[in-house]
Amino acid sequence: MAETPLVEQLVTLRQQALAELAQLADLNALDAWRIRYLGRKGALRQVLRDLGRLPPAQRPRAGQVSNEVKEALEAAFAARVQAVKQAQLEAALARERLDVTLPGYPVSLGRLHPSTQTLREIVAIFADMGFQVFESREVETDLYNFELLNIPPYHPARDMWDTFYLNERVVLRTHTSPGQIRAMQAYCPHPIRVVLPGMCYRYEAVTARSEIMFHQVEGLAVGTHVTMADLKGVLVTFARRMFGEQRRVRFRCSHFPFTEPSVEVDIDCLVCSGQGCAVCKHTGWVEILGAGMVHPQVLRNGGYDPEVFTGFAFGLGPERIAMLKYGIDDIRYFFSNDLRFLEQFG
Ligand code: DAH
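If you count the sequence shown from 1, position 66 lands on 71 in our numbering, and the numbers rise without skipping.
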């Protein structure tokens, strides 16, 4: 039985729509297709408008075919959308292709700076002897950096410290000693046993032996029975724990305005064990720190009565200690950020 023209029209429409659909590979074009064929004003609806005008006998067949066509187009459309989305996803994955079997970039491990390592080693040794860390400021006043430490403006000892002045009153601390006064003012009238680690600054020509910035660790003990023997015991213990139990330690008379009496402490040269070499300038000894009994005026400036209290103090430089310990011959290595130097301390 021959089909009616309307059914033929529907069949042609299906063929044409499916052929077009097969060519489409992007979602916008697919949507345009859907509107064109399945939309409210689309081609299928146009054909079906004529359905009502068919003779009743032809209607069931035409209705059945139109349903088939509609379902076929909808199914094909859904499948095509699905296929295009899948293709797009695969293309994206291909673009971001990642070979998880490739070896990764090695993560380089950081390490503590040799100054920090030495600083911590020093602080740990004193901590074992009951010293607490007291932190003090790097920007100081002339009053604390000098005057309260018994170094008045006219005092020739000021020549020992070449100073960065920020203005007439304010300086970058040239040593950690002003922290002594701050610790005393914070603790007074109680006994004190503290170390003060920190950075110091001096307006100096940079050479193998002097830098404009360096660390110091200050020590301060104040109490009613603190003696020079305590100072000796603490510093000999420090020297031997830092440089080896066999070290010989020498206390040599010296002068600092804030201590009386004052000493400098030497150990037998690590390079030649006291025989004499270039490092110890053929004396057999190398200096590791300055120290002394806190000057009565300095105690008073910190709020303590020197008739009742005594104290000892010391100051040492971690970079200098590290140079001696590891045989480093130029202090400039510490702050020049050369990895070949830094990586040796790990
Ligand atoms: N402040 C001194 C300096 O920078 C080092 C020093 C010497 C500190 C003797 C002290 C001390 O506490 O008693 O050269």
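Here a beta-carbon is modelled for each residue, glycine too, at the ideal position from N, C-alpha and C.
> For ligand 1, is there a heavy atom less than 6 Å away from the beta-carbon of His180?
Replying inline: It does: the Cβ of His180 is within 6 Å (strictly closer) of some heavy atom of ligand 1.
>> Please give me, in chain order, every unbroken run of the beta strand (DSSP E) with length at least 3 that falls completely inside the region 174–208.
In response: 175–177 and 197–206
> What residue does the alpha helix (DSSP H) around Leu242 start on, and which one ends it?
Replying inline: First, the residue type needs correcting, since residue 242 is Thr and not Leu in the sequence shown. Counting along the chain, the alpha helix (DSSP H) containing Thr242 begins and ends at Met233 to Phe248.
> Taking Arg19 as the reference, which of Ala7, Arg50 and Asp36 has the closest Cα?
Replying inline: Ranking Ala7, Arg50 and Asp36 by Cα distance to Arg19 puts Arg50 first.
>> Please state the DSSP three-state secondary structure of Trp166.
In response: coil
>> Less than 6 Å separating the Cβ of Gly295 from some heavy atom of ligand 1?
In response: yes
> Counting along the chain, where does the alpha helix (DSSP H) carrying Ile326 start and finish?
Replying inline: Pro323 to Tyr331
> Under the criterion of a Cβ to heavy atom distance below 6 Å, does Gly320 qualify as lining ligand 1?
Replying inline: yes
>> Spatial neighbours of Ala81 within its chain, please: C-beta separation below 7 Å, excluding the five flanking residues on both sides.
In response: Leu23 and Leu26
> Should Gly57 go down as buried or exposed, given a rule of 16 or more other Cβ atoms within 10 Å for buried?
Replying inline: Answer is exposed; the Cβ neighbour count stays below 16.
> Leaving out the 5 sequence neighbours to the left and right, which residues in its chain are closer than 7 Å to Gln21 when beta-carbon positions are compared?
Replying inline: Take Gln21, set aside five residues on each side of it, and no residue of its chain has a beta-carbon closer than 7 Å to its own.
> DSSP on Val89, reduced to helix/strand/coil?
Replying inline: helix
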